[in-house]
Structure formats: C-alpha cells, structure tokens
C-alpha cells in the first residue's frame with residue numbers, strides 16, 4: 007500500500023470498506039484508489055500533506071439565472087433530449103444550491119482538501135461564468151493562494167443572435183501557500199487558454215463530462231510522474247483516465263453509486279488497454295506485470 011493512503015482501521019465499518027476499490031497500473035508501481043460516498047467524509051482517510059494536485063469538476067449549481075432554473079434537474083439544465091443526447095444519463099446531486107450555499111459548500115470541501123495537500127501543491131477546479139466569482143471566493147476563504155484563471159475554449163455554444171457566445175468554461179487555480187519556481191532549460195509556462203472540443207453526446211458517460219485531453223494537459227503542471235492527484239467529484243472517472251495516461255497516482259471520490267460504477271469500469275478498461283499497449287511495444291518481455 008502506498009504511503010499516501012491510510013490503511014483502513016479496524017473500527018471502520020464493513021460498509022465503508024466495501025466503498026473503496028484499488029486498481030494497480032504502471033507495472034504495479036502506481037495506484038488508483040476509488041471511493042464511493044461523500045467526499046467530506048472520505049477525505050479524512052487521506053494522509054495529510056500527501057496530495058500534489060487537486061483536479062476536480064464540482065457541481066456548479068448553475069444552469070440558469072433564476073432560482074427556478076437552478077432547481078431543475080441536471081438533465082433538464084444541461085442536456086438535450088435528442089437521440090444520443092446526454093439526457094440518457096442519471097441526474098447528479100449537489101447542483102441545486104443558491105450561490106451563497108454553493109460558496110460555503112466549496113469552502114468546506116477545499117478547506118479539508120488543503121490540509122491533505124503538500125505545501126505549494128495545486129488546486130484546479132472547473133466552473134462556469136455564472137459561478138466564477140463564487141468559486142474564487144470559496145478558494146480564498148479556504149486558505150488557498152489564488153493564482154489565476156485558466157480558460158477552456160470549447161468552441162461550441164448555442165447560436166443566439168445579438169449576444170456574445172458563451173464558448174468557454176473556466177478553471178480556477180491556486181496553490182497551497184507559496185509555490186517555488188524551478189527554472190529548467192527548455193521548459194515554458196503552461197498555456198492560460200486551451201482550445202479543446204467537448205465530449206460528444208454520443209460518447210459521453212456523464213452529463214457534464216470533461217475531455218481527457220484537456221485534463222491531461224492540465225496535469226502537465228506536475229513536473230514528474232508518480233505524484234498523487236485527487237478528484238473530489240470524480241463523476242465518470244475522466245481525471246482518473248488522464249492520470250493513467252500521465253502516470254500519476256489517482257484518488258477519486260464520487261457520491262453517486264451509478265457514476266462510481268461507471269468510473270470504476272472506465273478506469274479498469276483503460277488500465278487493461280494500457281497493459282495491452284505496453285505489451286505491443288518493442289522490447290516488452292513476456293511475463294512483465296503491466
């Protein structure tokens with residue numbers, strides 16, 4: 007067992023043990039630890055000061071400008087009922103709070119998460135234009151040092167004449183205190199804007215799924231493989247898949263039992279594909295653990 011994951015103590019109830027799955031990858035040197043349940047409870051099981059980066063996509067409690075719009079189901083707010091639309095997926099919880107409640111919820115989550123993060127470690131959290139002020143407030147109230155905003159240009163939006171297009175979502179990023187700058191020859195600052203297309207409705211596994219390519223590129227802020235990445239709102243497991251591709255350890259937490267199973271299936275499938283890819287590489291010796 008890797009040091010960053012605390013062993014489950016004897017007094018922990020059996021049901022909680024059943025809520026955790028561990029998947030080995032990268033020749034058995036890396037792990038994905040998947041936890042089903044409330045992140046505010048599960049995060050207590052993570053060793054303090056062990057996480058290198060929190061990369062997460064919390065419920066925005068958005069999707070409208072009025073209280074009535076926000077109270078709708080996520081299916082009504084974010085998806086299309088057309089053939090192959092993301093409306094075929096289950097609704098997810100935590101998306102009906104008003105802005106004050108949402109800010110407080112994020113503050114609580116990010117406060118607990120900061121205590122598990124290394125000094126100088128990174129927080130990167132998705133949000134949209136409606137909740138951007140609330141997210142930056144919550145991050146700072148939780149004690150993080152707000153560093154800026156990264157733009158995700160999806161390149162798609164409803165075409166409504168007489169308005170500017172809402173093509174973009176945002177990643178609020180911060181550090182756990184000062185972050186040392188290490189100058190290395192040949193390395194440059196990461197982009198502040200990424201133009202990556204969204205996941206097509208036909209291939210989605212979650213209503214608000216983020217593209218793995220974008221998550222991989224955000225992970226490039228970690229200087230070396232073998233770090234620990236935490237996703238407090240795992241959804242369908244896209245961050246976990248990105249971590250496998252970038253050779254980072256992964257901790258994922260998901261409240262919905264339905265989406266937890268989806269995430270577990272995706273991550274296990276990617277680990278199998280990764281092993282097959284390695285086996286097909288020149289110089290691979292049969293019998294190696296993949």
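Numbering (the numbering used here), first residue to last: 7 to 296. All C-beta atoms in this analysis are idealised placements derived from N, C-alpha and C, irrespective of residue type, glycine included. Bear in mind the structure is a predicted one, so any value in this text is a computation, not a measurement.
Assuming residue i and residue j form a contact by the criterion Cβ under 8 Å, report the distance between their Cβ atoms to the nearest whole angstrom.
i	j	result
residue 166	residue 227	That belief does not hold up - the Cβ atoms of residue 166 and residue 227 are roughly 35 Å apart, past 8 Å.
residue 130	residue 49	Their Cβ separation, rounded to whole angstroms, is 17 Å, which puts residue 130 and residue 49 out of contact at 8 Å.
residue 217	residue 254	Incorrect: roughly 17 Å between the Cβ atoms, too far for contact.
residue 244	residue 271	13 Å between Cβ atoms; not a contact.
Take residue i and list the residues in its own chain whose beta-carbon comes closer than 6 Å to its own, dropping the five residues that flank it on each side.
i	result
residue 256	38, 235, 246, 249
residue 109	140, 143, 144
residue 188	none
residue 55	124
residue 40	27, 258, 270
residue 233	58, 254
The alpha helix (DSSP H) with residue i in it runs from where to where?
i	result
residue 154	Where residue 154 is concerned, there is no enclosing alpha helix (DSSP H), although the beta strand (DSSP E) it sits in stretches over 151–159.
residue 251	244–252
residue 218	218–225
residue 188	Segment: none, residue 188 is in no alpha helix (DSSP H) and carries neither H nor E.
Residue range of the beta strand (DSSP E) that residue i falls in?
i	result
residue 124	123–133
residue 235	234–237
residue 143	Taken as a continuous stretch (DSSP letters only), residue 143 belongs to no beta strand (DSSP E), being part of the alpha helix (DSSP H) at 138–147.
residue 175	174–181
residue 261	No beta strand (DSSP E) holds residue 261; DSSP gives it neither H nor E.
Tell me which residues share the same chain as residue i and place their Cβ nearer than 7 Å to its Cβ, disregarding the 5 neighbours each side in the sequence.
i	result
residue 142	152, 178
residue 196	226, 227
residue 277	29, 31, 250
residue 44	261
residue 147	113
In its own chain, which residues sit with a C-beta less than 8 Å from the C-beta of residue i, not counting the 5 before and 5 after it?
i	result
residue 150	116, 120, 129, 180, 181, 182
residue 162	173, 203, 204
Please confirm whether any heavy atom of the ligand GTP lies closer than 6 Å to the CB of residue i.
i	result
residue 31	No copy of the ligand GTP occurs in the structure displayed, which carries no ligand at all.
With DSSP as the reference, identify every bridge partner of residue i, one or two as the case may be.
i	result
residue 2	No information on residue 2 is available, as it lies outside the stretch 7 to 296 that the chain covers here.
residue 199	157
residue 61	130
7 Å is my cut-off, CB to CB: does residue i come that close to chain D?
i	result
residue 32	Among the chains of the structure shown, chain D does not appear; only one protein chain is present.
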